[in-house]
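Trainee:
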């Protein structure tokens, strides 16, 4: 049953990802992205990592894609934008990517199960993650807070409505 | 993972309910279509072409709110794992308190910067 | 896990879901009667005794209305947007514990859809998905009132998500778990001999922030700017009709019920009767199932209290202006939430530090 659910949600995730690329309206891309992220968090749950799954929904699905949708509305991307398939480089790159990931999938299938060993599952417990984050990785965490501050200031300066270079009303 | 099985069931139930609602209204409702009825709602304007629909100057402030929300949401998300283990970590030492005080200091700095430059004023 | 377990899970899920959906017609009646009471008029009194059958009439009317799809709308997103709000609202119901457990067929049946170890986080994250229904519904309608309502509403919902998460983090810090059931267990018994041992005595400010943020998250007055019918016609559901329109309100009332349930769970002892422990009650009653019934009744009473508060506030307080709303969210609630966490952390350190 677990393998069945994994395949179902895996297909959902891949379909969502495909939708992001091939959708003709930008807003459908955003919608597909919601589905892809939702499927991805379901996969996290199947891997036994509920905490990461919930944070995935909270941050990626609940915040980042909202920002994308806002951008789509901001730029009024209602007209259909055709997919630029003419470029030879794009075809080559996507072909190489598909080939690479097919190999990865085939390799995983040879192993018999889609799931890692139980040891990995246990180590993803949320208390363990929290302890690691605030003991072993405390310094990276503090430096991260500095980065976030820099991000806030940088974003605000770049997007300032009244600046000469930035976009405005 | 077993704990999530009812969630999947709930998901299916909610989908079924949505489908049922969609189906029932399409069967029961009458169907009388007209040009005016199907035009976008606008008070006192009867010419569909006159309605500018979504060609509205999008207020840039909303975009800024979304960006700032994203950044503070990421910062807020760090409080959750911290809160989970804070109380039991007190039995060992106060590292977590100091760590989070430093983190909060930078969060407050960011907030002050955003407020001082009036990035969130919508008017 | 055999077929009996699966059947029990299925029946439990269906029963609790139906119970939460039943809140919708009841709340329609309560809301209309409450408005009438506050505005000193009779309210619905034609359909059935005291107008009790009014919700049924409303529902039938919605069902038999035409379901028009206006021109120029984006058909797919227009059709699914109401359900994009209903789905997260339904999923959040899963995490709310309405009782300890009952015994059927020799099995312990949890009185909660899913006992999740990430319960509170589940509520926060799935609850944040409701914004897509608003955004897509408003955008797909191809109407400027809808789009404006959607933008405002989504800006409001995302702005109040952060204070909500901070207040939730405060509760998590206090209880040391995300599991809502564990939180309820921690609130059993009495405090100082005369107060029920509820979370609100430990984190009053957290409760206040949570309470206000929930008003904004559920789009209720005084935070119902997306709808503000005087300026925006109907907000993001201007172009909707028939049951699709009703689904928006179904979702709103289900959200209201889960929000009330969440406040009960986090700050008001969940299913516990005040001043008495479950073990003592079990002695008095002598039956697990009777105790479970009493717990569910207690929970329902607490939940109903908050629902009535929601109605009361809606018809008492005028609507905020949009800039006032953003100011309250970002400049008052967010710093207060941070302060609350820091102060609680320092107090906990002083009291419990080694």
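Residue numbers (the working numbering), protein chains in the order written: chain F, 1 to 169; chain V, 170 to 292; chain G, 293 to 646.
Yeah, the Cβ is synthetic: ideal placement off N, Cα and C, and Gly gets one too.
If you're wondering where the values come from, they're calculated on a predicted model, not measured in any experiment.
(1) Where do the N-terminal and C-terminal ends of the beta strand (DSSP E) with residue 528 (chain G) fall, by residue?
(2) What residues from chain V crowd round residue 33 (chain F), counting only those whose CB sits closer than 9 Å?
(3) Listing by chain order, which chain V residues have their CB less than 7 Å from the CB of residue 645 (chain G)?
(4) Taking C-beta pairs closer than 8 Å, name the residues in chain F that residue 275 (chain V) reaches, listed in chain order.
(5) Taking C-alpha atoms, which residue in G:350, G:400, G:428, G:309 lies nearest to residue 320 (chain G)?
(6) Between G:358, G:345, G:325, which has its C-alpha nearest residue 202 (chain V)'s C-alpha?
(7) What did DSSP end up calling residue 396 (chain G) once you bin it into helix, strand or coil?
(8) Check for me: the alpha helix (DSSP H) holding residue 32 (chain F) runs from which residue to which?
(9) Do we get a CB-CB distance below 8 Å when we pair residue 191 (chain V) with the residues of chain F?
(10) Mapping DSSP to helix, strand and coil, what is residue 219 (chain V)?
(11) Once the 5 residues before and after residue 407 (chain G) are set aside, which same chain residues still bring their CB inside 8 Å of it?
(12) Suppose you measure from the CA of residue 510 (chain G) to the CA of residue 544 (chain G); what does that come to, to the nearest Å?
(13) What is the residue span of the alpha helix (DSSP H) that residue 536 (chain G) lies within?
(14) Along the alpha helix (DSSP H) that carries residue 470 (chain G), what are the first and last residues, could you check?
(15) Taking only the alpha-carbon atoms, compute the straight-line gap between residue 140 (chain F) and residue 241 (chain V) and give it to the nearest angstrom.
(16) Using a Cβ cut-off of 8 Å (strictly closer), state whether residue 468 (chain G) contacts chain V.
(17) Beta-carbon within less than 6 Å of residue 379 (chain G)'s beta-carbon, same chain only, minus the 5 sequence neighbours each way: which residues are those?
(18) Output the distance between the C-alpha atoms of residue 430 (chain G) and residue 373 (chain G), rounded to the nearest integer angstrom.
(19) My output table needs one value for residue 374 (chain G): the three-state DSSP class, helix, strand or coil.
(20) Would you mind sorting residue 137 (chain F) into buried or exposed? The rule is 16 or more other CB atoms within 10 Å of its CB.
(21) Among G:626, G:575, G:558, which one has its Cα closest to the Cα of residue 594 (chain G)?
(22) Is residue 183 (chain V) close to chain F, meaning its C-beta is less than 8 Å from at least one C-beta of that chain?
(23) Does the region 495-503 of chain G come close enough to the region 454-471 of chain G that 3 or more CB-CB pairs lie under 8 Å?
(24) What span of residues does the alpha helix (DSSP H) with residue 131 (chain F) cover, start to end?
(25) Going by DSSP in three states, residue 482 (chain G) sits in which element: helix, strand or coil?
(26) With 8 Å as the threshold, decide whether the Cβ of residue 58 (chain F) is near any Cβ in chain G.
(27) Using a Cβ-Cβ distance under 8 Å, would residue 357 (chain G) count as near chain V?
(28) Tell whether a beta-carbon distance below 8 Å holds between residue 20 (chain F) and residue 423 (chain G).
(29) Should residue 407 (chain G) be flagged as near chain V, meaning a C-beta pair shorter than 8 Å?
(30) What did DSSP end up calling residue 339 (chain G) once you bin it into helix, strand or coil?
(31) Can you give me the start and stop residues for the alpha helix (DSSP H) that residue 279 (chain V) sits inside?
(32) Excluding sequence positions up to five away, which residues of its chain have a Cβ less than 8 Å from the Cβ of residue 605 (chain G)?
(33) So within the region 556-606 of chain G, which uninterrupted alpha helix (DSSP H) runs reach at least 4 residues, ignoring any that extend past its ends?
(34) With distances taken from CA atoms, which of F:25, F:7, F:17, F:15 is nearest residue 75 (chain F)?
(35) Name the DSSP bridge partner or partners of residue 401 (chain G)?
(36) Taking C-beta to C-beta, are residue 416 (chain G) and residue 58 (chain F) nearer than 8 Å?
Mentor: With the given structure in hand:
(1) For the purposes of this step, residue 528 (chain G) is identified with residue 236 of the third chain, where counting begins at 1. Taken as a continuous stretch (DSSP letters only), residue 528 (chain G) belongs to no beta strand (DSSP E), as it is neither H nor E.
(2) Indexing the first chain from 1 puts residue 33 (chain F) at position 33. Correct list: empty, because the minimum Cβ distance to chain V is about 15 Å.
(3) Locating residue 645 (chain G) in the third chain gives position 353, where the first residue counts as 1. Simply 259, 263.
(4) Working through the second chain from its first residue, we reach residue 275 (chain V) at position 106. Residues of chain F passing the Cβ test: 145, 146, 148, 149.
(5) Locating residue 320 (chain G) in the third chain gives position 28, counting from the first residue. Taking only the C-alpha atoms, the option nearest residue 320 (chain G) is G:350.
(6) Mapped onto the second chain, residue 202 (chain V) falls at position 33. Comparing Cα-Cα distances from residue 202 (chain V) to each of G:358, G:345, G:325, the minimum goes to G:358.
(7) Translated into positions along the third chain, residue 396 (chain G) becomes position 104. In the structure shown, residue 396 (chain G) sits in a strand (DSSP, three-state: E or B).
(8) Position 32 of the first chain, counting from 1, holds the residue named residue 32 (chain F). For residue 32 (chain F), the enclosing alpha helix (DSSP H) covers residues 26-46.
(9) Residue numbering aside, residue 191 (chain V) sits at position 22 when the second chain is read from its first letter. Chain F contact via Cβ: absent.
(10) Taking the first residue of the second chain as position 1, residue 219 (chain V) is located at position 50. Low local confidence applies: a pLDDT of 43 at residue 219 (chain V) is under 50, so the model's placement there is unreliable, with the coordinate-based value given in what follows. Helix at residue 219 (chain V).
(11) On the third chain, position 115 is the one that residue 407 (chain G) refers to. Result list for residue 407 (chain G): 389, 471, 473, in chain order.
(12) To locate residue 510 (chain G), count along the third chain from 1; it is residue 218. To locate residue 544 (chain G), count along the third chain from 1; it is residue 252. Their backbone Cα atoms lie some 6 Å apart in a straight line.
(13) Counting from one through the third chain, the residue named residue 536 (chain G) turns up at place 244. Segment 534-559, the alpha helix (DSSP H) holding residue 536 (chain G).
(14) By one-based count along the third chain, residue 470 (chain G) stands at place 178. Looking at the DSSP string, residue 470 (chain G) is not in any alpha helix (DSSP H), and its letter there is neither H nor E.
(15) Within the first chain, numbered from 1, the residue matching residue 140 (chain F) stands at position 140. Within the second chain, numbered from 1, the residue matching residue 241 (chain V) stands at position 72. Taking the straight line from one Cα to the other gives about 18 Å.
(16) Counting from 1 along the third chain, the entry for residue 468 (chain G) is found at position 176. Output row for residue 468 (chain G): interface = yes.
(17) As a first step, residue 379 (chain G) must be located in the third chain, where it is residue number 87. Excluding positions up to five away in sequence, the list is empty.
(18) The count along the third chain starts at 1 and reaches residue 430 (chain G) at position 138. The count along the third chain starts at 1 and reaches residue 373 (chain G) at position 81. Between residue 430 (chain G) and residue 373 (chain G), the C-alpha separation is close to 9 Å.
(19) Residue 374 (chain G) sits at position 82 when you count from the first residue of the third chain. The answer is helix: DSSP assigns residue 374 (chain G) an H, G or I state.
(20) Start at 1 with the first residue of the first chain, and residue 137 (chain F) comes out as number 137. Per the 10 Å Cβ criterion, exposed.
(21) On the third chain, residue 594 (chain G) is found 302 positions in, with the first residue counted as 1. Ranked by Cα distance from residue 594 (chain G), the first of G:626, G:575, G:558 is G:558.
(22) Residue mapping note: residue 183 (chain V) aligns to position 14 of the second chain, counting from 1. So no, residue 183 (chain V) is outside the interface.
(23) The region 454-471 of chain G is in contact with the region 495-503 of chain G.
(24) By one-based count along the first chain, residue 131 (chain F) stands at place 131. 126-134 is the span of the alpha helix (DSSP H), which, as asked, contains residue 131 (chain F).
(25) Numbered from 1 along the third chain, position 190 holds the residue referred to as residue 482 (chain G). In this structure, residue 482 (chain G) counts as strand in the three-state DSSP scheme.
(26) Translated into positions along the first chain, residue 58 (chain F) becomes position 58. Yes, because at least one Cβ of chain G sits closer than 8 Å to the Cβ of residue 58 (chain F).
(27) Numbered from 1 along the third chain, position 65 holds the residue referred to as residue 357 (chain G). Yes, residue 357 (chain G) counts as interfacial toward chain V.
(28) Within the first chain, numbered from 1, the residue matching residue 20 (chain F) stands at position 20. Within the third chain, numbered from 1, the residue matching residue 423 (chain G) stands at position 131. The answer is no: Cβ separation not under 8 Å.
(29) By 1-based counting over the third chain, the position of residue 407 (chain G) is 115. Yes, its Cβ sits closer than 8 Å to a Cβ of chain V.
(30) As a first step, residue 339 (chain G) must be located in the third chain, where it is residue number 47. In this structure, residue 339 (chain G) counts as coil in the three-state DSSP scheme.
(31) Within the second chain, the letter at position 110 stands for residue 279 (chain V). First-last of the alpha helix (DSSP H) with residue 279 (chain V): 264-285.
(32) By one-based count along the third chain, residue 605 (chain G) stands at place 313. So the qualifying residues of the chain are 507, 512, 513, 514.
(33) The DSSP assignment places 570-577, 580-606 as complete runs of the alpha helix (DSSP H) inside the region 556-606 of chain G, in order along the chain (cut-off: 4 residues).
(34) Along the first chain, read from residue 1 onward, the residue named residue 75 (chain F) stands at position 75. When C-alpha distances from residue 75 (chain F) are compared across F:25, F:7, F:17, F:15, the shortest belongs to F:25.
(35) Indexing the third chain from 1 puts residue 401 (chain G) at position 109. Residue 401 (chain G) pairs with G:394.
(36) Counting from 1 along the third chain, the entry for residue 416 (chain G) is found at position 124. Counting from 1 along the first chain, the entry for residue 58 (chain F) is found at position 58. Contact: yes.
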